[in-house]
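**Q** Input: one structure, supplied below.
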Amino acid sequence: MVNAVTTLATVALATLATAAPVLPRDDCVSGLYMIVARGTNEAAGEGVTEVVADAIAARVPGSTSVAVDYPATAFGSAIYPVSVTDGINDTKQKIQDYVDACGDSSRIVLLGFSQGGNVMTDVLAGGVDKPAPISDEYGQYITGVAVFGDPTFTVGQSFDRGNATQSGIFARSVGGSSLALLNTGLHILIARGSTISTDRSEKASEFGDVVVAKIPNSTWVNVEYPASLFNGDYDDSVAKGHSRLALVGYSQGAQVMTDLLAGPALFDRSYRKPKPLDQAYRKYIKAVVVFADPTFRAHQTFDAGSAQKSGMMARSNTGLAFLKTYSKVLRSYCDARDWFCAHGKKMTSENGAPSGWMFITRR
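Here the sequence shown is numbered in our numbering, starting from 675 and rising by one per residue.
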């Protein structure tokens, strides 16, 4: 979850004050809401990290930044642990207030220098005698984190950057719970296509391997379902696959996944398949990538690829309304030559796998 400034800047370029009890809706921004914690003994405000926030804001339209309101001291009236705790509490409150006001449109970035870096990593993972980490309810809206000179730096972690070969003065315990939280990767579920396209199952496996190689501490597994078309009932097959969460799907597997998000699309036989995923679980979905989805509808904001026509089982407007709520995390790749998703002339075609895994790694 933690990243260095170079990584954050790359993500931002490619994609992208005391807290009041309730923020007015007018304070919601279309870009990034950056919370910046200064280092020890820096004057009140954002400190030297302000230049980072300004650089990101210059490249991500509609962004803004606010300073953490905390002592940033090591001695005196607020000794270091007390100061860090104050910073954690203020940062968490700012996150909660912003999300409560701005909802699902929230995209939050945390920046911290020195003691401010300690504040931000403790917000994510907790620390010795520190407040509990930010809850998933609010943490899901944190898009990126960059810390510099964090005293809790622990050498050898997947998110470490720079040239340090030794850990910090308050290094986190290797194997401890807080370090595990900072090292969280993705668990990727892959739903294969119909049995007429068994070669694409191998492609799906390759896709999973590529993503896992690029996102440390990640894993992937296949969704277990018949994936049948002619041997048995296609609709039943989708229903069984639909009982498992999936993040990546090809052909029929893509429909499994979009049905998971939006409900059944095939033949209006809604009684044959489960309802859409409960909204309580959507916060755990970080990226959704589908290829050659038979329910593809052309010209949607989440569409990718060359298709200008809709699929052989194109989704209804009602289903589209559900999918649009996932538009920030969803990409649907359809090649104009593909018979299933675009009424093309090929039963199988290339459908943007490299772009798909790049989208996942950038989420």
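The C-beta atom is built at its ideal place from N, Cα and C for all residues, glycine as well. These figures come from a predicted structure and were not determined experimentally.
Could you name each continuous beta strand (DSSP E) segment of 3 residues or more that falls completely within the region 769-851, going from the start of the chain to the end?
**A** Entirely contained in the region 769-851, the beta strand (DSSP E) runs reaching 3 residues are, in chain order, 782-787, 816-822.
**Q** Using only alpha-carbon positions, find the residue among Val829, Ala741, Ala865 that is nearest to Val848.
**A** Position 174 of the sequence shown, counting from 1, holds the residue named residue 848. It is Val829 whose Cα lies nearest to the Cα of Val848.
**Q** Quick check on the burial criterion: 16 or more other C-beta atoms within 10 angstroms. Buried or exposed for Gly719?
**A** Here residue 719 refers to the residue found at position 45 of the sequence shown. Exposed.
**Q** What does the alpha-carbon distance come out to for the pair Met806 and Gly736?
**A** Along the sequence shown, one-based indexing puts residue 806 at 132. Along the sequence shown, one-based indexing puts residue 736 at 62. Here residue 806 is Ala; the residue named in the question, Met, does not match the sequence. When rounded, the distance between both Cα atoms is 31 Å.
**Q** From Thr759 to Asp952, what does the alpha carbon distance come to, in whole angstroms?
**A** Here the question's residue 759 lines up with position 85 in the sequence shown. Here the question's residue 952 lines up with position 278 in the sequence shown. Spanning the two alpha carbons is a distance of roughly 35 Å.
**Q** Which residues does DSSP pair with Val962 in a beta bridge?
**A** By 1-based counting over the sequence shown, the position of residue 962 is 288. Leu1004, per the DSSP bridge assignment.
**Q** Let me know the secondary structure DSSP gives Val895 once reduced to three states.
**A** As a working note, residue 895 is residue 221 in the sequence shown. Reduced to three states, the DSSP call for Val895 is strand.
**Q** How is the beta strand (DSSP E) around Ile730 delimited, first residue to last?
**A** Position 56 of the sequence shown holds residue 730. Note, Ile730: premise wrong, no beta strand (DSSP E); alpha helix (DSSP H) at 724-733.
**Q** Can you round the beta-carbon distance between Ala966 and Cys1015 to whole angstroms, since I take them to be within the 8 Å contact cut?
**A** As a first step, residue 966 is located in the sequence shown; it is residue number 292 there, counting from the start. As a first step, residue 1015 is located in the sequence shown; it is residue number 341 there, counting from the start. Indeed they touch by this definition, with Cβ atoms about 5 Å apart.
**Q** In terms of alpha-carbon separation, which member of Ala936, Ala972, Thr969, Tyr707 lies closest to Ile782?
**A** The residue labelled residue 782 in the question sits at position 108 within the sequence shown. Nearest option by C-alpha distance: Tyr707.
**Q** Could you compute how far the alpha carbon of Cys776 sits from the alpha carbon of Ala727?
**A** Indexing the sequence shown from 1 puts residue 776 at position 102. Indexing the sequence shown from 1 puts residue 727 at position 53. Cα to Cα, the separation comes out at about 20 Å.
**Q** Helix, strand or coil for Tyr707 per DSSP?
**A** As a working note, residue 707 is residue 33 in the sequence shown. Looking at Tyr707 - three-state DSSP - the assignment turns out to be strand.
**Q** Decide if Ala854 is buried, meaning its Cβ has at least 16 other Cβ atoms within 10 Å, or exposed.
**A** By one-based count along the sequence shown, residue 854 stands at place 180. By the neighbour-count rule (16 or more Cβ atoms within 10 Å), Ala854 is not buried but exposed.
**Q** Determine contact between the region 788-799 and the region 744-764, defined as no fewer than three beta-carbon pairs at a distance below 8 Å.
**A** Output reads yes: the region 744-764 touches the region 788-799.
**Q** Closest to Ile808 by CA distance: which of Glu880, Leu860, Asn896, Ser852 is it?
**A** If you number the sequence shown from 1, residue 808 lands on position 134. Selected option, being the one with the closest Cα: Ser852.
**Q** So what's Tyr955 in DSSP terms, helix, strand or just coil?
**A** Position 281 of the sequence shown holds residue 955. In the structure shown, Tyr955 sits in a helix (DSSP, three-state: H, G or I).
**Q** Where Gly859 and Ala887 are concerned, what is the direct C-alpha to C-alpha distance, given to the nearest angstrom?
**A** For the purposes of this step, residue 859 is identified with residue 185 of the sequence shown, where counting begins at 1. For the purposes of this step, residue 887 is identified with residue 213 of the sequence shown, where counting begins at 1. If I take the Cα positions, the gap works out to 11 Å.
**Q** So if DSSP puts Ile864 in a beta bridge, which residue, or which two residues, is it bridged to?
**A** As a first step, residue 864 must be located in the sequence shown, where it is residue number 190. The partner list for Ile864 (beta bridge, DSSP) reads Asn896, Val922.
**Q** Expressed to the nearest angstrom, what Euclidean distance is found between the alpha-carbon atoms of Ile959 and Trp1013?
**A** Translated into the one-based positions of the sequence shown, residue 959 becomes position 285. Translated into the one-based positions of the sequence shown, residue 1013 becomes position 339. In a straight line, the C-alpha of Ile959 is about 29 Å away from that of Trp1013.
**Q** Which residues mark the beginning and the end of the alpha helix (DSSP H) in which Gly993 is found?
**A** Taking the sequence shown and counting its residues from 1, the one referred to as residue 993 is at position 319. Looking at the DSSP string, the run of the alpha helix (DSSP H) that includes Gly993 is 991-998.
**Q** Between Ala981 and Ala972, which are expected to be in contact by the criterion C-beta below 8 Å, what is the C-beta distance as a whole number of angstroms?
**A** Residue numbering aside, residue 981 sits at position 307 when the sequence shown is read from its first letter. Residue numbering aside, residue 972 sits at position 298 when the sequence shown is read from its first letter. Between Ala972 and Ala981 the Cβ distance is about 6 Å, and since that is below 8 Å, they are a contact.
**Q** Assign Val895 to one of two classes, buried (16 or more other C-beta atoms within 10 Å of its C-beta) or exposed (fewer than that).
**A** For the purposes of this step, residue 895 is identified with residue 221 of the sequence shown, where counting begins at 1. Exposed, since its Cβ has fewer than 16 Cβ neighbours within 10 Å.
**Q** Shortest alpha-carbon distance to Tyr1007 belongs to which of Gln974, Phe827, Lys768?
**A** Position 333 of the sequence shown, counted from the start, is the residue given in the question as residue 1007. Selected option, being the one with the closest Cα: Gln974.
**Q** What residues match up with Ser739 in a beta bridge as DSSP calls it?
**A** Numbered from 1 along the sequence shown, position 65 holds the residue referred to as residue 739. In the DSSP output, where bridge partners are listed per residue, Ser739 has Met708.
**Q** Assign Ala865 to buried or exposed, taking buried as 16 or more other Cβ atoms, counted over all protein chains shown, within 10 Å of its Cβ.
**A** Within the sequence shown, numbered from 1, the residue matching residue 865 stands at position 191. By the neighbour-count rule (16 or more Cβ atoms within 10 Å), Ala865 is buried.
**Q** Got a sec, what are the start and stop residues for the beta strand (DSSP E) Lys978 sits in?
**A** As a first step, residue 978 must be located in the sequence shown, where it is residue number 304. For the record, residue 978 in the displayed sequence is Ala; it is not Lys. Element bounds for Ala978: 977-979.
**Q** Compute the Euclidean distance between the alpha carbons of Ala939 and Tyr754, then round it to the nearest angstrom.
**A** Within the sequence shown, numbered from 1, the residue matching residue 939 stands at position 265. Within the sequence shown, numbered from 1, the residue matching residue 754 stands at position 80. Each residue's alpha carbon lies about 57 Å from the other.
**Q** What did DSSP end up calling Lys1020 once you bin it into helix, strand or coil?
**A** In the sequence shown, the residue the question calls residue 1020 occupies position 346. DSSP places Lys1020 in strand when its eight states are reduced to three.
**Q** Spatial neighbours of Val710 within its chain, please: C-beta separation below 6 Å, excluding the five flanking residues on both sides.
**A** Within the sequence shown, the letter at position 36 stands for residue 710. Result list for Val710: Glu720, Thr723, Ala727, Ser739, Ala741, Leu785, in chain order.
**Q** May I have the straight-line CA-CA distance separating Gly813 from Gln767, to the nearest angstrom?
**A** Here residue 813 corresponds to residue number 139 of the sequence shown, with the count starting at 1. Here residue 767 corresponds to residue number 93 of the sequence shown, with the count starting at 1. Going by the C-alpha atoms only, they are around 12 Å apart.
**Q** Rounded to a whole number of angstroms, what is the C-alpha to C-alpha distance between Val821 and Ser788?
**A** By one-based count along the sequence shown, residue 821 stands at place 147. By one-based count along the sequence shown, residue 788 stands at place 114. Approximately 8 Å between the Cα atoms of the pair.
**Q** Could you tell me the distance, in whole angstroms, from the CA atom of Lys1020 to the CA atom of Gly993?
**A** Counting from one through the sequence shown, the residue named residue 1020 turns up at place 346. Counting from one through the sequence shown, the residue named residue 993 turns up at place 319. Straight-line Cα distance between these residues: approximately 26 Å.
**Q** Pull the bridge partners of Asp1012 from the DSSP assignment, please.
**A** Along the sequence shown, one-based indexing puts residue 1012 at 338. Partner(s): Lys1020.
**Q** How is Phe1033 classed by DSSP in three states: helix, strand or coil?
**A** Residue numbering aside, residue 1033 sits at position 359 when the sequence shown is read from its first letter. If DSSP states are grouped into helix, strand and coil, Phe1033 belongs with the helices.
**Q** Taking the straight line between their C-alpha atoms, what separation do you get for Ser1029 and Phe833?
**A** For this step, residue 1029 is matched to residue 355 along the sequence shown. For this step, residue 833 is matched to residue 159 along the sequence shown. Computed Cα separation, rounded: 23 Å.
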